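*Asks:*
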Ligand SMILES: [Fe+2]
Ligand SMILES: [Fe+2]
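Numbering (UniProt numbering), first residue to last: 1 to 169.
1. I want to check one thing, is the minimum distance from the CB of residue 148 to the heavy atoms of ligand 2 below 7 angstroms?
2. Are the CB atoms of residue 123 and residue 76 nearer to each other than 8 angstroms?
3. Please state whether DSSP places residue 42 in a helix, a strand or coil.
4. Quick test of your reading: residue 139 and residue 64, contact by CB under 8 angstroms. State the CB separation rounded to the nearest angstrom.
5. At the level of alpha carbons, what is the spacing between residue 4 and residue 96?
6. Are the beta-carbon atoms belonging to residue 52 and residue 21 less than 8 angstroms from one another?
7. Report the start-end ranges of each beta strand (DSSP E) in the stretch 4 to 56 that is 3 residues or longer and not cut off at the edges.
8. Using 10 angstroms around the beta-carbon of residue 147, count the other beta-carbons present and answer buried if the total reaches 16, otherwise exposed.
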């Protein structure tokens, strides 16, 4: 059984993410994620919160709590796109390989700002599988990879992208 002994509600999932990710969500570098659009009208910050909530939801509905470390799942999900730049900016071609390289960049930034366990490190580094060749080693990594693909597709196809507000920089 899961963290509360029955299936989790949306609000319970959000509360778990807030609780286990409080230091990450409150970190000053998260301000960068709040300024950068990820897909459509969704910032990297809100994308990361969605991926964390969806990963917890998947673990819950798939009854994986015996095999999943909740805190590591949430923390790795919140940090999976912690690359801290706007990948839509050209920057002289620096971000051309973004899809292939940003897992490593996110891990480097995350290790600088937080103490990570091996599940968190591996899940962040390999979340772009199968675009990058090395698969995640832990079930948490697969949940994050799945949640990320589902969220990215939904965010990209959402009509709200056409009336997204201009962000002030
Ligand atoms: Fe990513
Ligand atoms: Fe992502």
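In this text, a Cβ means the ideal position worked out from N, Cα and C, and glycines have one as well.
Only a predicted model underlies this, so the values are computations on that prediction, with no experimental measurement involved.
*Replies:* On the basis of the coordinates in this document:
1. Numbered from its first residue, the chain shown carries residue 148 at position 148. Residue 148 Cβ: within cutoff of ligand 2.
2. Counting from 1 along the chain shown, the entry for residue 123 is found at position 123. Counting from 1 along the chain shown, the entry for residue 76 is found at position 76. Going by C-beta atoms, residue 123 is nearer than 8 angstroms to residue 76.
3. Taking the chain shown and counting its residues from 1, one reaches residue 42 at position 42. Correct three-state label for residue 42: strand.
4. The residue you call residue 139 lines up with position 139 of the chain shown. The residue you call residue 64 lines up with position 64 of the chain shown. That belief holds up - the Cβ atoms of residue 139 and residue 64 are roughly 6 angstroms apart, short of 8 angstroms.
5. Taking the chain shown and counting its residues from 1, one reaches residue 4 at position 4. Taking the chain shown and counting its residues from 1, one reaches residue 96 at position 96. If I take the Cα positions, the gap works out to 44 angstroms.
6. The sequence position of residue 52 within the chain shown is 52, counting from 1. The sequence position of residue 21 within the chain shown is 21, counting from 1. Yes, they are a contact pair.
7. 37 to 39
8. Residue mapping note: residue 147 aligns to position 147 of the chain shown, counting from 1. Classification of residue 147: buried, given that the 10 Å Cβ count is 16 or more.
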